[in-house]
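Here the sequence shown is numbered in our numbering, starting from 1224 and rising by one per residue.
Using N, Cα and C, we set each Cβ at its ideal position, and we do this for glycine too.
Because the structure is a prediction, the values reported are computed rather than measured.
The structure appears below as structure tokens.
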Amino acid sequence: MALFAGNVSVAQAEPFDNNVKDCLESPKKCGQETEQPKVEKQGKQNQQIETGTAVGVTIWDFLKMIGALIFVLALIYFILRFVNQKSRSYQQTKLIQHLGGTPLGGNRSIQLVKIGERVLILGVGENIQLLQEIDDEEERSRFVDHYSNQMEQMLQPQDIMTKLISKWKGQETQKSEKQDPFKQVFENKLSEIKQSRKQAISKMNDREKKQDE
């Protein structure tokens, strides 16, 4: 008896409310009681999913986002206007102002510079040469007015909107193909300078030929 008693292992069964006889007579009843916790877990998970999907962006959040965007854009606009006014007042007090220029290639360009009341056309390359001084007061005022108008239109809201719309529609390439009137005036002046130089060179050659004869 002692030998058999040493090998006996005791296993405690889980408590079971219903009798075996009841389960044999009605097995569905026992199955419903065991499946009830699973149904409750699934119900809780479905409730959590429904509450998670209910959270989203509302119309009020969308309106607040648009209002914040408008506020940021307005703040940037007023800051740029303030900086532009400061730079304009600083440019007016300066004796030398750069009115514009155009590149010619090969690290060469033509620059339009205002020094005091004089407007000069400079050729910039390895050296800086004075090509011409604009003596005509009307032409000089036209260059200065064009420069001031460009500075004023840089931060106009209409100009900003047109640039954004043109970029959106892909019309920026068409605008770049059109010549700027300021650049066109530069090219006309450059052609006049070339013609005057050719005439001066031809006159010098004629004088040298006459002296040789």
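C-beta atoms of residue i and residue j nearer than 8 Å
i	j	result
leucine 1318	isoleucine 1338	yes
leucine 1413	tyrosine 1370	no
isoleucine 1416	leucine 1354	yes
Selected residue, minimal CA-CA separation from residue i, among the options
i	options	result
asparagine 1350	Asn1372, Ile1333, Arg1363 and Met1427	Ile1333
glutamate 1340	Ser1364, Lys1426, Gln1352 and Gly1328	Ser1364
proline 1326	Glu1410, Asp1429 and Arg1430	Glu1410
glutamine 1373	Asn1307, Gly1348, Asn1428 and Val1347	Asn1307
glutamine 1320	Asp1284, Val1342, Tyr1300 and Ile1282	Val1342
glutamine 1352	Phe1305, Val1280, Phe1366 and Arg1331	Arg1331
leucine 1335	Glu1362, Glu1431 and Gly1328	Glu1362
Span separating the alpha-carbon of residue i from that of residue j
i	j	result
methionine 1288	isoleucine 1302	21 Å
aspartate 1429	glycine 1324	35 Å
glutamine 1418	lysine 1309	42 Å
glutamine 1402	leucine 1286	The predicted model places glutamine 1402 with a pLDDT of 49, which falls under 50 and marks its position as unreliable; any figure quoted below should be read in that light. Looking at the two C-alpha atoms, the distance is approximately 43 Å.
leucine 1292	tyrosine 1300	12 Å
leucine 1296	phenylalanine 1305	14 Å
threonine 1281	glycine 1290	14 Å
leucine 1298	aspartate 1284	21 Å
valine 1347	phenylalanine 1294	44 Å
aspartate 1359	glutamine 1422	22 Å
lysine 1432	aspartate 1368	47 Å
methionine 1427	arginine 1420	10 Å
isoleucine 1357	glycine 1329	26 Å
glutamate 1400	phenylalanine 1366	Note that glutamate 1400 has pLDDT 49, beneath the 50 cutoff, so the model's placement of it is unreliable and no number is given.
Min CB distance residue i to chain D below 8 Å
i	result
isoleucine 1344	Among the chains in the structure shown there is no chain D, since it carries only a single protein chain.
First through last residue of the beta strand (DSSP E) which encompasses residue i
i	result
glycine 1346	1341–1347
The ligand FAD heavy atom lying under 7 Å from the CB of residue i
i	result
glycine 1324	Annotation note on the ligand FAD: not contained in the displayed structure, which lists no ligands.
Jot down the residue ranges of each uninterrupted alpha helix (DSSP H) in the region 1278–1331, minimum 4 residues, whole runs only, in chain order. 1282–1316
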